[in-house]
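Per full-length UniProt numbering, the very first residue in the sequence shown carries number 1; after that it's consecutive. Even for Gly, the Cβ is constructed at its ideal location relative to N, Cα and C.
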Amino acid sequence: MNVVFDLGSWRLTDDGRVYRRGKLRFANGDLYDGEWLDGQRQGRGTFTYVNGATYHGEFAHNLFNGFGVLRVPDLQHPLTKEWTKGSSYEGGFRDGQKHGKGTLVRGDGGSYDGTFADNVFSGHGVFCYANGDRYDGDWRHGKWWGKGHLLYRDGGSYDGDFQNGLFHGFGHRAWPHTGGSYVGEYKLGDQHGAGARVFADGSQYDGDWVDHRQHGSGVWTTATFVYIGDFAHGLPHGNGLFRYTNGDVYEGQMHSGYYYGRGKFTYKDGGFYEGEYVAVRVRRCVVTPSPNNKRHGKGRRVWASGNEYIGEWSNDVMHGRGTLRSTVQCMYTGGFFNGVLHGHGRFLHTDGRAYVGDWVHGKRDGHGESILTPAAELGDDRRLHIGGNDALYRLLKYTGAFSDDVRHGRGMLYYTNGDGIDGDFVSGHVHGAAEYVFASGRRRRGHWKHGHRVAWDDD
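What follows is the structure, encoded as C-alpha cells:
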C-alpha cells in the first residue's frame, strides 16, 4: 500500500483510504497515539500501557499487525509481589501476537532470533541462553523440534533430531571436557535404540539402549576386556562372552554384571572351569547369595598341569563332594571344605596304594584304612621283605585311628605275610602294650616303644 499524501494528521493511500491520526486514553490508563480507520486502530501508532510497556509499529483491526517493536519493563505481580524480568521484541505481528521473523531479548539475558507463530518460537531460530548455552535449529510450539544444534557453555554439544524440547531421533552428543561422546538414537531425551557411546575413561559401548542405559545386545570394550552379549539396565545380563586382555575368557550366563548360573572360564594358561556360579534364587523366603563372579554349585576345573576336579563348589573354592585327579597318578573322591580334603573320602594311587577314611583340613584324621603296598608287588616274594628274603615282611595295610596325617590311636597294622599288630599307635608307630597276631590266628602280647618291640609278656 503506497502513501499518496501524509500531512501529519491524516494520510491518504493509493487505495483511497484516509488514515487519520489521533490519541485515545482508555479508562484503565492505557494510551494509544496513532492512526485510525473506520473507528479502529489501524496503520502506524504507539500503544503505551499503564504498567510501562510500549508497542510502536503497525496496527490492523485494533491489534498489532505487521512490523513493530514491543518493550516490556520489569513487572511485579499484584498478588504474589514477585517480579518478572522485562523483555523487548522487534519483528512481525499477526492479530496481536508475535508472528513471522523477529528478535526477542529477555530481561534475564537470553535472546532469540528467528521465526514466530502465534506468539511462540516456530520454524527456524537461534536462542542464546543467559547461562551461555546456544541452540540453532528448528522450533515448534515454542520448543526445540526438528533438526538442530545445541552448544553448551562448557563446550559440550548435541547435533541431531529434537521433539518437544528433547533429544529425539538420531543425534550426536559430545562431552569434550569430561570426555566421551554418543552417536545414535534417542527417545524423549534418553539414549534409546541403537547407539555407540565413548566414555570418559576411554571405554566404549556399541549396541542397544533403553532409557539411557545399555539394554539389549551390545559390545563393551575397556582397557582390560571386551564383552559381547546381552545387557539389562546398564550391565551385562543374560548370555555373553568376556575376552580379557590377559588372555582369560569367560562365556556363559550373566546377572547384573556378574558371572551367574552356568558358564565356562578359560584361563590364559590353558586351564578352565566349566560349571555353575552363584545365582540368585528365592525359595520359601530363603535367599541364596547374590552374584559375585564366584564358582558355586557343581563344576569342573582343569588346570594347565592336567590336574582335574569335578564336584561341588562354594564361594569360589572346592567345597562339598567331589573328585580330584592328579597327573602324578593319584585320585581323591570324597568331601572338601574350603578347598581342602575334609570329611570322608578315598585317596587312591594308580599303583594300588590307597586310604579310605576321615580327613580334617587336608590331613588324615579320624578312622580310616590305609593300603601301604603297591598291588603289583603283592605276588612277588622278593619284594615282600624289607632288606631281602630273610628280613622283615613289608607293611600291607593299616586300619584304625589317624591324627594329623599319621597313625595315632587304636589300630591294626598288617604285614604282607598275613601277620599283624593290634594295639595303640603314637606318631605313626606302635607304642605300649599290643598284641602280635600271627597269620595262623595265634596271638602274643608284648610291649613296643616307638615301633620297636621291647619284650614279650610271656618271656
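Query                                                                                                                                                             : Result
Is the number of C-beta pairs between the stretch 156–173 and the stretch 183–194 that are closer than 8 Å three or more?                                         : yes
Measure the beta-carbon distance from W144 to F116 and round it to whole angstroms, keeping in mind my assumption that it falls under 8 Å.                        : About 15 Å; that fails the 8 Å criterion.
May I have the straight-line CA-CA distance separating Y259 from K294, to the nearest angstrom?                                                                   : 7 Å
In the DSSP assignment, what residue or residues form a beta bridge with R25?                                                                                     : L31
Which one of Y398, P176, D419, G418 has the shortest CA to CA distance from G409?                                                                                 : Y398
According to DSSP, simplified to helix, strand and coil, what is A375?                                                                                            : helix
Between N307 and S326, which are expected to be in contact by the criterion C-beta below 8 Å, what is the C-beta distance as a whole number of angstroms?         : 5 Å
Going by CA-CA distance only, name the one from K23, G189, F67 that's closest to Y89.                                                                             : F67
Output yes or no for whether 8 Å exceeds the beta carbon distance between M318 and F347.                                                                          : no
Please report the residue range of the beta strand (DSSP E) in which K41 lies.                                                                                    : First, the residue type needs correcting, since residue 41 is Arg and not Lys in the sequence shown. Counting along the chain, the beta strand (DSSP E) containing R41 begins and ends at 40–48.
Would F59 pass as a contact of R71 if the rule is Cβ separation under 8 Å?                                                                                        : no
State buried or exposed for G441, treating a residue as buried only when at least 16 other CB atoms are found within 10 Å of its CB.                              : exposed
For V3, count the other beta carbons within 10 Å of its own beta carbon; 16 or more makes it buried, fewer makes it exposed. Which is it?                         : Summary for V3: the model assigns pLDDT 44, below 50, so the residue's position carries little reliability; its value from the coordinates is reported in the next sentence. Exposed, by the Cβ-count rule.
With H, G and I counted as helix, E and B as strand and the rest as coil, what does DSSP make of T54?                                                             : strand
For G299, which residues from the same chain have a beta carbon less than 7 Å from its beta carbon, with the 5 sequence-adjacent residues on both sides left out? : Y273, E274, G275, E276, W313
Going by DSSP in three states, N292 sits in which element: helix, strand or coil?                                                                                 : coil
In whole angstroms, what is the alpha-carbon distance linking G179 and L188?                                                                                      : 23 Å
To the nearest whole angstrom, what separates the beta carbons of D248 and T266, a pair I think is in contact under 8 Å?                                          : 7 Å
Figure out for me which residue from W359, V328, A354 has the closest Cα to the Cα of G343.                                                                       : W359
When burial is assigned at 16 or more other CB atoms within 10 Å of the CB, is K81 buried or exposed?                                                             : exposed
Can you list, in chain order, the residues of its chain whose CB lies under 8 Å from that of A376, leaving out five sequence neighbours each side?                : D351, G352
With 8 Å set as the bound, which would you pick, yes or no: does the beta-carbon of L235 sit closer than that to a beta-carbon of chain B?                        : The structure shown has no chain B; it contains just one protein chain.
By the DSSP assignment, the beta strand (DSSP E) with W144 in it spans what residues?                                                                             : 143–151
DSSP state of G160, grouped into three classes?                                                                                                                   : strand
Give me the residue from L378, G428, D419, Y414 with the minimum Cα distance to A401.                                                                             : G428
Could you give the distance in angstroms between the alpha-carbon of V340 and the alpha-carbon of R445?                                                           : 40 Å
Where in the stretch 173–253 do unbroken runs of the beta strand (DSSP E), each at least 3 residues long, occur, reported from the N-terminal end onward?         : 181–187, 190–198, 204–210, 213–221, 225–232, 235–244
Based on the DSSP output, what are the partners of K363 in its beta bridges?                                                                                      : V360
Starting from the Cα of G45, find the closest Cα among G193, D108, W36, G52 and give me that residue.                                                             : W36
Give the straight-line distance between the Cα atoms of D333 and G345, rounded to the nearest whole angstrom.                                                     : Residue identity differs from the one stated: residue 333 is Thr in this sequence, not Asp. Answer to the nearest angstrom: the Cα atoms are 6 Å apart.
Run through DSSP, which three-state label would E82 get?                                                                                                          : coil
Compute the distance between the beta-carbons of R106 and D133, then report whether it is under 8 Å.                                                              : no
Can you grab the Cα-Cα spacing for the pair M254 / N239, in whole Å?                                                                                              : 6 Å
Among A232, R20, I228, L235, which residue has its Cα nearest to the Cα of Y244?                                                                                  : I228
When you compare only the Cα positions, how much space is there between G165 and K23?                                                                             : 43 Å
Using CA coordinates, which residue listed in G357, P374, K449 is at the minimum distance from V430?                                                              : K449
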